[in-house]
Amino acid sequence: MSTNNVSIDIDGTSVDLPVRHPSLGQDTVDAAPLAKHALFTFDPGFTATAACESKITFIDGDNGILLHRGYPIEQLAAKSDYLEVCYLLLNGELPTKSERDAFVGSITSHTMVHEQIRSFFNGFRRDAHPMAIMMGVVGALSAFYHDSLNINDPEDRRISAHRLIAKMPTLAAMCYKYSLGQPMLYPRNDLSYAEDFLRMMFSVPSEDWQVNPVLARAMDRIFILHADHEQNASTSTVRLAGSTGANPFACIAAGIAALWGPAHGGANEAALNMLYDIGDVSNVPKYIAKAKDKDDPFRLMGFGHRVYKNYDPRAKVMRDTCHEVLDTVGLRDSKVFKLAMELERIALEDDYFVSRKLYPNVDFYSGITLSALGIPANMFTVIFALARTVGWISQWCEMVSEPGFKIGRPRQLYTGYTERAYVPIDKR
Ligand code: SDX
């Protein structure tokens with residue numbers, strides 16, 4: 127759109143609304159002036175609403191493009207690593223060697239959690255869903271860092287971001303060990319971020335454990351693919367919580383809560399459970415029919431996306447990583463993988479999915495891959511939350527460092543009763 131404003135006629139008065147032009151993507155109409163004319167916009171689900179301005183991540187859903195600070199996800203997944211992507215998301219530029227070493231050193235030196243955090247776990251049943259535990263313990267971190275919760279202090283924001291990125295793998299592995307009744311392991315500073323996470327998940331004190339470098343690289347790539355995704359539901363939750371001035375640990379706990387839903391970050395766990403429910407290729411047509419039936423709430427988990435109306439670029443990389451992991455662990459011929467490939471083939475040929483541009487998303491393959499890595503389904507969304515923490519905290523930092531940012535306070539379309547008088551109970 128070349129114009130710099132649009133005009134609407136309100137009861138005979140022409141009202142100009144400014145048009146904001148992005149560096150990439152859709153022009154946006156500034157709707158704020160409408161408030162002066164007692165008019166709201168109505169857009170439940172925010173299908174056409176830009177809730178903020180951001181420089182961090184750009185998605186082109188029609189062309190299957192995902193950029194982090196301008197760098198394509200395919201290049202970052204192939205050439206970078208997760209901590210370097212964390213630096214990029216937080217700071218806006220790829221680090222020099224010395225900047226990278228200093229950042230990795232800072233993250234590494236904050237991977238331990240306060241010993242008192244361990245006692246929180248004992249309040250949960252061993253079979254508690256780890257996302258319930260993560261919501262609790264991540265929010266509780268705000269009780270341990272009274273010295274650095276001033277959201278207006280750039281140094282407090284920096285150290286809180288580093289602490290969160292550093293401690294999520296430790297807390298995630300503690301959830302898994304707690305569910306098994308095995309000892310929780312301390313992080314080790316001589317291993318990479320992904321290597322140490324896999325070690326804390328799968329090693330035991332009674333024997334040595336060697337990380338498989340192919341699997342560690344795959345884990346790191348999975349972290350990269352889930353790092354940030356512009357204003358998705360959980361990131362918008364973090365921003366809205368942060369707009370009240372809440373501390374970053376509380377805001378990330380709110381993001382974890384929002385991510386848990388099966389329509390969002392819970393889709394990877396739901397997609398794998400769906401494959402187990404389908405059980406056999408012969409059942410695929412029945413489930414495809416259920417997914418198409420408007421009277422059936424069943425949806426094909428791992429398919430479709432609010433923004434991507436083309437193939438999710440992360441799904442392509444995730445699919446390749448899935449093949450690599452399955453080959454490494456010898457599960458390429460597994461029943462669940464073959465079922466997934468057949469489901470993908472049928473769905474991509476079915477007009478219902480093609481006409482609605484419902485392609486496999488990143489969650490369709492991540493569940494199978496994480497399962498092949500030995501990670502149980504109820505930990506999949508925890509892994510997603512671990513990886514997305516850098517996106518959440520980067521978006522939070524971008525918002526709270528804007529001068530004069532305002533509390534988020536949406537309005538509504540009220541269709542309830544007009545005023546009426548109270549009726550005493552003996553008159554009802
Ligand atoms: C993530 O926002 C993000 O960026 C999220 C995420 C991130 O990185 O943060 O990418 C991560 O959440 C990926 C999405 C994971 N969710 C799932 O895989 C759950 C299954 N997918 C659906 O629930 C759904 O596709 C959504 C929630 C992802 C998107 O829903 P929309 O944009 O609101 O789309 P819609 O519900 O309006 O669907 C359009 C049509 C509808 O049919 P009609 O009314 O046109 O007849 O497509 C149908 C829907 O019924 N449809 C599906 C379907 N997804 C949409 N039908 C069957 N199976 C599906 N999966």
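The sequence shown maps to residues 127 to 554 in this note's numbering.
Idealized CB from N, CA, C, for every residue including glycine.
It should be emphasised that the depicted structure is a prediction, and the values quoted were computed from it without experimental measurement.
TODO: Compute the Euclidean distance between the alpha carbons of Y319 and V508, then round it to the nearest angstrom.
DONE: 16 Å
Open item on the list: Using CA atoms only, rank isn't needed, just tell me which of C212, P148, P170 is closest to Y540.
Closed with: P170
Open item on the list: Whether or not the region 127-147 and the region 488-502 are in contact is what I'm after, with contact meaning three or more pairs of Cβ atoms, one per stretch, closer than 8 Å; do they touch?
Closed with: no
- [ ] With distances taken Cα to Cα, identify the nearest neighbour of A299 among L324, P280, F229.
- [x] L324
Open item on the list: Measuring straight from C-alpha to C-alpha, what distance separates E321 and V340?
Closed with: The alpha-carbon atoms of E321 and V340 are separated by roughly 10 Å.
- [ ] Taking the CB atoms as reference points, tell me whether G534 and S369 lie closer together than 7 Å.
- [x] Yes, the Cβ-Cβ distance between G534 and S369 is below 7 Å.
TODO: Compute the distance between the beta-carbons of A292 and I233, then report whether it is under 7 Å.
DONE: yes
Open item on the list: Would A379 and V264 qualify as a contact pair, given that the criterion is a beta-carbon distance under 7 Å?
Closed with: yes
TODO: Taking 8 Å as the threshold, find out whether the region 457-464 comes into contact with the region 204-223 through three or more Cβ pairs.
DONE: no
TODO: Give the range of the beta strand (DSSP E) segment to which T139 is assigned.
DONE: 139-146
Open item on the list: According to DSSP, simplified to helix, strand and coil, what is A227?
Closed with: For the record, residue 227 in the displayed sequence is Asp; it is not Ala. Helix.
TODO: Return the residue from the list G307, P309, M326, Q308 that minimises the CA-CA distance to N315.
DONE: M326
- [ ] Could you spell out where the alpha helix (DSSP H) holding D135 opens and where it closes?
- [x] Per DSSP, D135 belongs to no alpha helix (DSSP H); it is in the beta strand (DSSP E), 131-136.
Open item on the list: Using only CA atoms, which one of Y478, G391, D453, G392 lies nearest to K418?
Closed with: Y478
Task: Q357 classed as buried or exposed, judged by whether at least 16 other C-beta atoms fall within 10 angstroms - done: buried
- [ ] Could you round the C-beta distance between I494 and C448 to whole angstroms and report it? I think they count as a contact, below 8 Å.
- [x] About 6 Å separates the two Cβ atoms, so the contact holds.
Open item on the list: By the three-class DSSP mapping on this structure, what secondary structure does Y197 have?
Closed with: If DSSP states are grouped into helix, strand and coil, Y197 belongs with the strands.
- [ ] Check whether the region 394-409 touches the region 466-473, counting contact only when three or more Cβ pairs, one atom from each stretch, lie closer than 8 Å.
- [x] yes
TODO: Check whether the Cβ atoms of F184 and L150 sit closer than 7 Å, and answer yes or no.
DONE: Cβ atoms of F184 and L150: closer than 7 Å.
- [ ] Using 6 Å as the cut-off, classify the Cβ of D489 as near or not near the heavy atoms of the ligand SDX, replying yes or no.
- [x] yes
Task: V239 in three-state terms, based on DSSP - done: DSSP, read as helix, strand or coil, puts V239 in coil.
Open item on the list: So, for K162: in the same chain, excluding its five sequence neighbours on each side, which residues have a beta-carbon less than 6 Å away from its beta-carbon?
Closed with: none
Task: Check whether A511 and I350 have beta carbons under 7 Å apart - done: no
- [ ] Would you mind reading off the limits of the beta strand (DSSP E) that contains T183?
- [x] 183-186
- [ ] Pull up the distance between the alpha-carbon of L80 and that of L192, whole angstroms please.
- [x] The chain is shown only over 127 to 554; residue 80 falls outside these bounds and no answer can be derived.
Open item on the list: Let's test the definition: count the other Cβ atoms within 10 Å of the Cβ of D489 and tell me whether it reaches 16, buried, or not, exposed.
Closed with: buried
- [ ] Would you mind giving the Cβ-Cβ distance between E524 and I182, rounded to the nearest angstrom? I have them listed as a contact below 8 Å.
- [x] For a cut-off of 8 Å, the C-beta gap from E524 to I182 is around 6 Å, short enough to register as a contact.
TODO: Select from M444, N399, Y434 the residue whose C-alpha is nearest the C-alpha of R425.
DONE: N399
Task: Local conformation of T363 per DSSP, three classes - done: helix
Task: I414 - partner residues in DSSP beta bridges - done: Bridge partners of I414: none, in fact.
- [ ] Go through its chain and collect everything with a Cβ distance to D188's Cβ below 8 Å, but skip five positions before and after it.
- [x] K435, N436
- [ ] Quickly, what does DSSP pair F429 with across the bridge? List them, please.
- [x] P486
Task: Short Cβ contact (7 Å threshold) for F429 with P486 - done: The Cβ atoms of F429 and P486 lie closer than 7 Å to each other.
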